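Protein chains in written order, with our numbering: chain H, 1 to 167; chain L, 1 to 527.
Think of the CB as a built atom: it goes at the ideal place given N, C-alpha and C, for glycine as much as any other residue.
This structure is a prediction, so every number in the text was calculated from the model and none was measured.
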Amino acid sequence: MPRTGRIAGQIIAYGLFAAGLGYFSNAPVYTWLDPGFALINLSFSHAGQRKEECRRLTPAEIAATAPNMRQPLDCPRERVPVAAELVLDGISLLSKSYKPTGLARDGASSAYERIPVRPGQHQLTVRLRDSRRGDGFDYEENISINLRPRQNFVVDFRDNPGRFVFK
Amino acid sequence: MIHLKKILRTGFEYMEDVFDAAFGPAWNPFYQLGALGWFYYWIVISSGIYLYIFFDTGITDAYLSVEYLTHEQWYAGGVMRSLHRYASDALVIMMLMHLLREFAMDRFRSSRWFAWFTGIPMLWFVFSAGITGYWMVWDRLAQYIAIVTTGWLDTLPFFGESIARNFLSNADLSGRFFTLMVFLHIALPLLLLFIMWIHIHRHTQPKVNPPLGLAAGTLVMLLVVSLVKPAVSHAPADLGIVPAVIGLDWFYLPIYPLLDRYPGEAMWMVLGVITLLLLLLPWLPSGKQQAVAVIDLDNCNGCGRCVADCPFSAISLGPRSDNTGYEQEAVVDNRHCTSCGICVGACPTATPFRRRSGLTAGIELPELQISEVRDKTLAATGKLGGNDRILVFGCQHSMDLSALEDSRTGVVSMPCIGMLPPSFLDFVLSKNLADGVFLTGCRDGDCYFRLGIRWTDARICGERDPELRQRVPQQRIRTYWGGLTRSKQFLRELDAFRNGLNALATCNQNVPEPGQEGNGHKDIGNA
Ligand code: HEM
Ligand code: SF4
Ligand code: SF4
């Protein structure tokens, strides 16, 4: 190839590469959330109750354990899952149960949910169950919210005393 | 898989033909992917050091300091920022192409597993370094990355506390996380450098610097994109507002949109399995392992030429283990040897002129001993007639030459053309076994065994030991480096060479005929 042809070829190659770099480093845009929506972000890290009550060991049982391991109570460490429910304007947004973490299922339950909703005025009900009861909820809160488009509305749960926190 | 590789290799070669035309073999970026990777890396590091001088750590300070660099100091800090971004992006492209190409060209199996294996962790390091880099800016993109990444990390079983909860709301945000990001963003590239160094550990003369012309072109290109389309931030992060529509860096973040669609655990699994498969690839269809080079001490004088020419650092000189007067002997490290035979081509004892009936070189490939190469040379030339007889020496990693054989053309193939000692050219021509010798193999600038073509060219030009003797008429020697796909040009070159030989035979009767130096034919007979 003649010299000018080669130089032109190189300029084209560099140009295409540069255009690719310049373009794809920032485009095409990605729509993570329809900008016409708002987001309800339910997130908590909360430990449910122990699955079973502590039980007083009988003297015979205590005698059967190694001397350095003896204690009066036997407390199974496993916890119950934590259940949560979100209801927006009477319509259920979420109803889910979160397993305790840890190999022995003795850690806190963690939730992280992102739910797109229409912006505007809403009635939000949040419920949470962390006890051994089979149904019903231990905590419930009802609030009125006015969501802006793209707003990230956080529903969190704090321990001691247990209550919902809205951010 | 063999088919896939062949298709890929063919594709690469056609593409490389175009680039060979524009850049020439010496500057062809496809032959310099690893070196370009190093070059981009150094650009990233030097621009990064500049940015770091002005970068403030902190939830609002980080963003503001980057804004200052980008806008107030656009002529220096802004350009540095853009270079930092675009060279990092180019590094990803180069790395993936390099991976694909090494795969297509089959340069990762048997003893060559090492570079492949150490290449895989680099993928993780490069991507993680890029992700932490975008995180540090703390704009909307960083916010998106923080939320998605921490959510994804939370799906791994080893973090007790949820990390994503650190990014729930502005009130939950802690400056400590940013200190961690800065630390990671410095530590990961340094670890990467360490692996890059290990990666080329087994290569003699690794190509870590692209040729000047290519380096200059690349730098100018990066500067031009940096000025035409400077890297800028998105709006500052605000955890109260969802970064709904974002311009992603698709080189670093292509899996992020997938994380919205598929569970994080599944993505870890998929990436884990891909990584594992890639790591194991050199052994999956390991193929037949060729026998490695062996030293024949009776013929080795410890000259060290094989050490200098081995492309894979597989030979060293050690103290002599026998009672000859020599001080050193060559020692082959079996784990590194790729059975290319280039060492044989370098050994001064590998000459077909040797009279002793048992021709053995100081270093030999058990599967193709040098005596066998001589036998094949004699057999291939024995059938030829006319005054344009050509003996083609070729390599087994390029086009199939067997179809060439006819009454005027003989073929002898070996693992790499670098295995051919130059004395064979002298031998063929001076003993009038053929009228011309044609050498072929991989592409110029891209030898399958890295250095075979380079050493062959240098030996023929008399620039590297063992040199081709000056008495050998250069017009009876031709080289053409065609690879797998350039068969048409190859045949054209061969024809042109033959025409040249015909012309020599008819119009230049005075050329001193080779073979007058009295190397007895008896010798050939016993070989
Ligand atoms: C930052 C990324 C990387 C850089 C800078 C880099 C650089 C290099 C360099 C300079 C060479 C030597 C080339 C030569 O002199 O012949 C090389 C060889 C090689 N690389 Fe990489 N590399 C990178 C990533 C990878 C990856 C991801 C893989 C694939 C898994 C890989 C696989 C290989 C292989 C198989 C060889 C050896 C080829 C042979 O034996 O001839 N590299 N690399
Ligand atoms: S055959 Fe020789 S040159 Fe090739 S890798 Fe083995 S020792 Fe090195
Ligand atoms: S080139 Fe041959 S003689 Fe020289 S050290 Fe190597 S094996 Fe021995």
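Please list, in chain order, all residues of the same chain as C340(L) whose beta carbon is under 6 Å from its beta carbon, the five residues on each side excluded.
As a first step, residue 340(L) must be located in the second sequence, where it is residue number 340. P415, C416, F449.
Leaving out five residues before and five after V307(L) in sequence, what residues of the same chain have Cβ atoms less than 7 Å from its Cβ?
As a working note, residue 307(L) is residue 307 in the second sequence. These residues qualify, in order along the chain: I315, S316, L317, A330.
Quick one: is K5(L) buried, meaning 16 or more other Cβ sit within 10 Å of its Cβ, or exposed?
For this step, residue 5(L) is matched to residue 5 along the second sequence. So K5(L) counts as exposed.
Taking the alpha helix (DSSP H) that Q474(L) falls in, what are its first and last residues?
Position 474 of the second sequence, counting from 1, holds the residue named residue 474(L). No alpha helix (DSSP H) contains Q474(L), which DSSP labels as neither H nor E.
In the DSSP assignment, what residue or residues form a beta bridge with M414(L)?
Counted from its first residue, the second sequence places residue 414(L) at position 414. In the DSSP assignment, the residues bridged to M414(L) are C395(L).
Quick one: using the 10 Å Cβ neighbour count with 16 as the cut-off for buried, is R165(L) buried or exposed?
On the second sequence, residue 165(L) is found 165 positions in, with the first residue counted as 1. When all chains shown are included, R165(L) counts as buried.
Just the chain H side, please: which residues come within less than 9 Å of G341(L) by C-beta, in chain order?
The residue given as residue 341(L) occupies position 341 in the second sequence. Neighbours of G341(L) on chain H: none; closest Cβ ~35 Å, over 9 Å.
Provide the residue span of the alpha helix (DSSP H) that contains E265(L), from first to last.
Your numbering for residue 265(L) matches position 265 in the second sequence. From DSSP, the alpha helix (DSSP H) with E265(L) extends over 264-280.
Short of 7 Å in beta carbon distance, which residues of its chain neighbour D159(H), apart from the five on each side in sequence? Order them along the chain.
For the purposes of this step, residue 159(H) is taken as residue 159 along the first sequence, with counting starting at 1. H46.
Would the beta-carbon of G302(L) be found less than 6 Å away from any heavy atom of ligand 3?
The count along the second sequence starts at 1 and reaches residue 302(L) at position 302. Yes.
Alpha carbon to alpha carbon, what distance is there between K229(L) and Q10(H)?
What you label residue 10(H) is simply residue 10 of the first sequence in a count that begins at 1. What you label residue 229(L) is simply residue 229 of the second sequence in a count that begins at 1. Taking the straight line joining both Cα atoms gives about 21 Å.
Run down chain L in chain order and give the residues with a C-beta less than 9 Å from the C-beta of R6(H).
Taking the first residue of the first sequence as 1, we reach residue 6(H) at position 6. The answer, in chain order, is A21, A22, F23, G24.
Three-state secondary structure assigned by DSSP to W481(L)
Residue mapping note: residue 481(L) aligns to position 481 of the second sequence, counting from 1. DSSP places W481(L) in strand when its eight states are reduced to three.
Pull out every residue of the stretch 240-264 of chain L whose Cβ sits closer than 8 Å to any Cβ of chain H, in chain order.
Those residues of the stretch 240-264 of chain L that come within reach of chain H (Cβ to Cβ, closer than 8 Å) are G240, I241, V242, P243, A244, V245, I246, G247, L248, D249, W250, F251, Y256, P257, D260.
Backbone secondary structure at I524(L) - three-state DSSP:
Start at 1 with the first residue of the second sequence, and residue 524(L) comes out as number 524. Residue confidence is low: I524(L) scores 34 on pLDDT, short of 50, so the model does not pin down where it sits. No coordinate-derived value is stated.
Do R114(H) and P35(H) come within 7 Å of each other at the CB atom, strictly closer than that value?
Working through the first sequence from its first residue, we reach residue 35(H) at position 35. Working through the first sequence from its first residue, we reach residue 114(H) at position 114. No, these two residues do not count as a Cβ contact at 7 Å.
Give the DSSP-derived three-state secondary structure of E329(L) in the structure shown.
Counting from 1 along the second sequence, the entry for residue 329(L) is found at position 329. Strand.
Return the chain-ordered list of same chain residues with a C-beta closer than 6 Å to the C-beta of L278(L), the five sequence neighbours on each side being excluded.
The count along the second sequence starts at 1 and reaches residue 278(L) at position 278. Taken in chain order, the residues that qualify are I120.
With which residues is I143(H) paired in a DSSP beta bridge?
Here residue 143(H) corresponds to residue number 143 of the first sequence, with the count starting at 1. Its beta-bridge partners are L124(H).
In terms of residues, what are the limits of the alpha helix (DSSP H) holding L123(L)?
By 1-based counting over the second sequence, the position of residue 123(L) is 123. Per DSSP, L123(L) belongs to the alpha helix (DSSP H) from 113-136.
Does the structure place the stretch 453-464 of chain L close enough to the stretch 340-354 of chain L that three or more beta carbon pairs sit under 8 Å?
Counting Cβ pairs under 8 Å, three or more are found: they touch.
Tell me which residues of the stretch 148-161 of chain H have at least one Cβ-Cβ distance to chain L shorter than 9 Å, keeping chain order.
Of all residues in the stretch 148-161 of chain H, R148, P149, R150, Q151, N152, F153, V154, D156 have a Cβ within less than 9 Å of some Cβ in chain L.
Closer than 7 Å by beta-carbon distance: list the chain H residues that pair up with S533(L), in chain order.
The structure shown does not extend to residue 533(L), since chain L is modelled only from 1 through 527, so no value can be given for it.
Identify the contact partners of Y14(H) in chain L, using a Cβ-Cβ distance below 9 Å as the criterion.
Your numbering for residue 14(H) matches position 14 in the first sequence. Near Y14(H) (Cβ distances below 9 Å), the residues of chain L are G217, T218, V220, M221, V224.
Does DSSP put T338(L) in a helix, a strand or coil?
Translated into positions along the second sequence, residue 338(L) becomes position 338. Here T338(L) sits in coil by DSSP.
Roughly how far, in whole angstroms, is the beta-carbon of I528(L) from the beta-carbon of T150(L), given that I think they are within contact range, below 8 Å?
Beyond the ends of chain L as shown, which are 1 and 527, falls residue 528(L); an answer cannot be given.
Within the 7 Å Cβ cut-off, does K167(H) reach chain L?
Locating residue 167(H) in the first sequence gives position 167, counting from the first residue. Under the Cβ criterion of 7 Å, K167(H) is counted among the residues facing chain L.
In chain order, what residues of the same chain have a beta carbon less than 7 Å from the beta carbon of G48(L), not counting five sequence neighbours either side?
Counting from one through the second sequence, the residue named residue 48(L) turns up at place 48. Sequence-distant Cβ neighbours of G48(L) in its own chain, meaning closer than 7 Å and more than five residues away, are H84.
I want to know whether the stretch 140-156 of chain H touches the stretch 49-67 of chain H - three or more CB-CB distances under 8 Å.
Verdict: no, contact absent.
Tell me the DSSP secondary structure of C447(L) in three-state form.
Residue 447(L) sits at position 447 when you count from the first residue of the second sequence. DSSP places C447(L) in strand when its eight states are reduced to three.
Only counting runs of 3 or more residues, tell me where the beta strand (DSSP E) segments fall wholly within the stretch 74-124 of chain H, in order along the chain.
Runs found: 82-88, 91-98, 109-117.
For L391(L), which option in D435(L), G358(L), T360(L) has the closest C-alpha, if you only look at C-alpha atoms?
Here residue 391(L) refers to the residue found at position 391 when the second sequence is read from its first residue. Nearest C-alpha to L391(L): D435(L).
What did DSSP end up calling A291(L) once you bin it into helix, strand or coil?
Here residue 291(L) refers to the residue found at position 291 when the second sequence is read from its first residue. Judged by DSSP in its simplified three-state form, A291(L) adopts coil rather than helix or strand.
Using beta carbons (cut-off 7 Å, strictly below), is K229(L) in contact with chain H?
The residue given as residue 229(L) occupies position 229 in the second sequence. For K229(L), the answer is yes, since a Cβ of chain H falls inside 7 Å of its Cβ.
What are the complete alpha helix (DSSP H) segments, minimum 4 residues, inside the stretch 50-101 of chain L?
Counting only runs of at least 4 residues, the stretch 50-101 of chain L fully encloses the following alpha helix (DSSP H) elements, listed from N- to C-terminal order: 61-67.
For H46(H), which beta-bridge partners are listed by DSSP?
Residue numbering aside, residue 46(H) sits at position 46 when the first sequence is read from its first letter. Bridge partners of H46(H): S109(H).
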